[in-house]
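A.B. asks: Protein sequences appear in the order of chains A and B. Counting from 1 along the first sequence, just add 149 to a position and that's the residue number in this note's numbering. Counting from 1 along the second sequence, just add 149 to a position and that's the residue number in this note's numbering. Input: one structure, supplied below.
Number of protein chains: 2
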Amino acid sequence: MNIGQVAERAGLPAKTIRYYEDIGLVRPQRSENGYRAFSEQDLHKLAFLARARALGFTIEDCRTLLGLYEDEARESADVKALATEHLDQIEEKIAQLREMHATLAKLVEACHGDHRPDCPILQGLAEEG
Amino acid sequence: MNIGQVAERAGLPAKTIRYYEDIGLVRPQRSENGYRAFSEQDLHKLAFLARARALGFTIEDCRTLLGLYEDEARESADVKALATEHLDQIEEKIAQLREMHATLAKLVEACHGDHRPDCPILQGLAEEG
DNA sequence: CCTTGACCTTCCAGTAACTGGAAGCACTAT
DNA sequence: ATAGTGCTTCCAGTTACTGGAAGGTCAAGG
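Here's what the structure looks like:
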């Protein structure tokens, strides 16, 4: 398979796949013409990566997950630990965003949003506390 | 005021303040010895920036907000529009994170997390759908 | 046989917003 | 004089791609 087809089937841009090869996440063969020649297994790996990335795992986490996936002697505890930590990070991020949202929403509500310069949002940003 | 003191009072690392000068967000005077000499107004600006950044506005948004703040003829509608758009983006991000969280949480729950290799998390990442 | 267009290649640069570190000058206290 | 802290500039690295240029390859059509 050439990169275009793999890209379509894995749901990743070709650019991204080349990048993944650069950083050693996949190692496709090469055809005589120099084109990358992907196996079904490469495709499978890339789809795995696409899903892991979609769940917000970093590239390095993905590398680890892929390693675990291919390691027959893995312990599921290791996978779960990684996933749980990531879950915690997601929760923390959500909490942060919620706080931002609450603060900003209050300011936005207080703002008339008309042609006058008077603006509680700017005041809120300018004042301490 | 030297950069160290401003950093402390604005709640920003000195490095960040230098960066903000680089990109033209503040323009402190210079003392004869070459040190940056910040006015109270500079400090005020930096504190404004720190709060806007803490609410998740991008640097370019901050630049715009600062411009509006200093423009006596601004219309609060412009500020409100910017803030509302940002609010929408925050909501969207929260929604995305919640979806990630839900999916991943299900997988994590299903995983024993013991010494055996059997792992629903990896299976979930490997399977389509 | 030639051309056109789609697809592939590599390489370089840019994104966002800093952050770390090196080399070196300035100031304060001893 | 020296030690220590704070300041300066400049360069590189971070994350995960993304865009674009310059050019090779391949299949189809005239």
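Using N, Cα and C, we set each Cβ at its ideal position, and we do this for glycine too.
1) Mind checking whether residue 271 of chain B and residue 204 of chain A have CB atoms under 7 Å apart?
2) Output, in chain order, the set of chain B residues within a Cβ distance shorter than 7 Å of residue 257 of chain A.
3) What did DSSP end up calling residue 223 of chain A once you bin it into helix, strand or coil?
4) Report the residue from B:151, B:166, B:212 whose alpha carbon sits nearest the alpha carbon of residue 182 of chain B.
5) Looking only at DSSP bridge pairs, what is residue 186 of chain A linked to?
6) Suppose you measure from the CA of residue 235 of chain B to the CA of residue 190 of chain A; what does that come to, to the nearest Å?
7) Rounded C-beta distance between residue 210 of chain B and residue 217 of chain B? I'm assuming under 8 Å.
8) What do you get for residue 180 of chain A, buried or exposed, if any count of 16 or more other CB atoms within 10 angstroms of its CB means buried?
9) If we ignore side chains and look at the alpha-carbon of each, how far apart do residue 197 of chain B and residue 241 of chain A end up?
10) In whole angstroms, give me the CA-to-CA distance for residue 187 of chain A and residue 155 of chain A.
11) If we count the other Cβ atoms within 10 Å of its Cβ and call it buried at 16 or more, is residue 162 of chain B buried or exposed?
12) Under 9 Å Cβ-Cβ, which residues of chain A neighbour residue 267 of chain B?
13) Any Cβ of chain A within less than 7 Å of the Cβ of residue 211 of chain B?
14) Taking residue 269 of chain A as part of the alpha helix (DSSP H), name the residues at either end of that continuous run.
15) Closest Cβ-Cβ distance between residue 279 of chain A and chain B: below 7 Å?
C.D. replies: Reading from the atomic positions:
1) Contact: no.
2) In chain order: 229, 232, 233, 236.
3) Residue 223 of chain A falls in the coil class under three-state DSSP.
4) For residue 182 of chain B, the nearest C-alpha among the options comes from B:151.
5) Beta-bridge analysis with DSSP links residue 186 of chain A to A:178.
6) The alpha-carbon atoms of residue 235 of chain B and residue 190 of chain A are separated by roughly 42 Å.
7) In fact, because the Cβ distance is near 10 Å, the residues do not count as touching under 8 Å.
8) Its Cβ having fewer than 16 others within 10 Å, residue 180 of chain A is exposed.
9) Residue 241 of chain A has its alpha-carbon roughly 25 Å from the corresponding atom of residue 197 of chain B.
10) So the alpha carbons of these two residues sit roughly 7 Å apart.
11) It is exposed - the Cβ of residue 162 of chain B has fewer than 16 other Cβ atoms within 10 Å.
12) Within 9 Å Cβ-Cβ: 225.
13) No, residue 211 of chain B lies away from the interface with chain A (no Cβ there is under 7 Å from its Cβ).
14) Run containing residue 269 of chain A: 269 to 275, per the alpha helix (DSSP H) assignment.
15) Nothing about residue 279 of chain A can be read from this structure; chain A reaches only from 150 to 278.
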